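Working notes, structure below.
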Amino acid sequence: MVLEEKHFGPVWFLPGRAGGRYPNCISVYLEGPGILIDPATDRERLQALRGDPGVKEIWLSHWHEDHIMHLDLFEDLPLVIHEKDVPPLTDMEILLDWYDMASDKIRGLWRQLMIEQFHYRPRKPTRTFQGGEVFSFGALSVEVLHTPGHTPGHCAFFFPEVGVLFTGDYDLSSFGPYYGDREATIEETIASVQRLKEISARVWMTGHKPALFEKDPAEAWDRYLGIIQRREERLLAFLEQPRTMEEIISQWIVYQKPQDPDFTERVMIGKHVEKLVREKRIIREGKTFRRTDSAST
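Going by the numbering used here, the sequence shown opens with residue 963, and the numbers climb by one from there.
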């Protein structure tokens, strides 16, 4: 299904030709204040939008590359992001560190990718968000919801007058929640998703496909969270016998198929291992991990 641009009063849904598929994401535009959230839909559409009706300020839900892809088009405009997501915007090496990229080869490939595909240029925000802030623009107001987990400073945005909730990268996709960088946490991801699920909206916009819901996506929220549990169940089943971390990664429990490079699988499944160790559901024995006798799959 092709997603089309839709306007919900002054809140515009801009899916672009890719419909929010990575490496793009959807953008949200606020008519009146001229605020553009996540400048990563079609480049041509954003250039046209800047001309008419005009863009005055850029807001970011978080720092990830697919949400800043066309930030370079707006270098002269004010930029706002949550304070906890500032560091990767300011320095390429910090960005690569936050993705836990240790290999010189992978870092080199990603430096090139960030510049050529994502137009990365270091930026310092004009100011920063605080969770709970409410901005009023006449007939439209915006509540900033600090929803950490995906990143430390990830924010969602609620527009109560039109009942629109932009969930950012808690995207209700079939892949499930993503916590593939160093500062992401599973526990905060779960708490943030549960919080967003409870908000009384009429329209739900997400950063990636499926991207738009005009009916309550209660079941989609439950399926989305359930993917975390299924990842843990598969991991616990595999750890019936002692396994090394490399053996765990080779199962592709998160991505379900091999990825090259494997650093995101490594980070995400590593977070599950750390969580289950904290919960005493698995134990470490030298270089191996196994589930405890009391752990249930």
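Backbone N, C-alpha and C define an ideal beta-carbon position, used for all residues, glycine too. This structure is a prediction, so every number in the text was calculated from the model and none was measured.
Per DSSP, I1068 lies in no beta strand (DSSP E); the unbroken alpha helix (DSSP H) holding it starts and ends at 1066-1078. Between the segment 1053-1073 and the segment 1012-1024, the count of Cβ pairs shorter than 8 Å is below three; the stretches do not touch. Within the segment 1172-1217, the complete alpha helix (DSSP H) segments at least 4 residues long are 1180-1200, 1207-1211, listed from N- to C-terminus.
T1090: member of the beta strand (DSSP E) spanning 1089-1091, first to last residue. Residue state for R1085 is assigned as coil, using DSSP reduced to three classes. In this model, V1235 and I1244 are separated by some 8 Å (Cα to Cα). Bounds of any beta strand (DSSP E) do not take in I1231; it lies within the alpha helix (DSSP H) bounded by 1225-1240. Taking 4 residues as the minimum length, the alpha helix (DSSP H) runs contained wholly in the segment 1098-1165 are 1148-1159, in order along the chain.
The alpha-carbon of V1239 is positioned some 8 Å away from that of R1246. By the criterion of at least three beta-carbon pairs nearer than 8 Å, the segment 1107-1120 is in contact with the segment 1135-1142. With respect to the 8 Å criterion, V1165 and V1126 are classified as neighbours on the basis of their beta carbons.
The C-alpha of A980 lies about 20 Å from the C-alpha of E1176. About 6 Å separates the beta carbons of Q1213 and F1200, which is inside the 8 Å limit, making them a contact pair. The DSSP assignment places 973-976, 989-992, 997-999 as complete runs of the beta strand (DSSP E) inside the segment 969-1002, in order along the chain (cut-off: 3 residues). Remark: C-beta atoms of V964 and F975 do not approach each other more closely than 8 Å. Within its own chain, the residues whose Cβ lies closer than 7 Å to the Cβ of R1196, once the five positions on either side in sequence are excluded, are I1215, listed in chain order. DSSP places L1022 outside any beta strand (DSSP E), giving it a letter other than H or E. The beta carbon of E1227 lies closer than 7 Å to those of I1211, W1214, V1216, Y1217, Q1221 in the same chain, with the five residues before and after it left out. In the three-state reduction of the DSSP assignment, H1029 falls in the helix class, which pools H, G and I.
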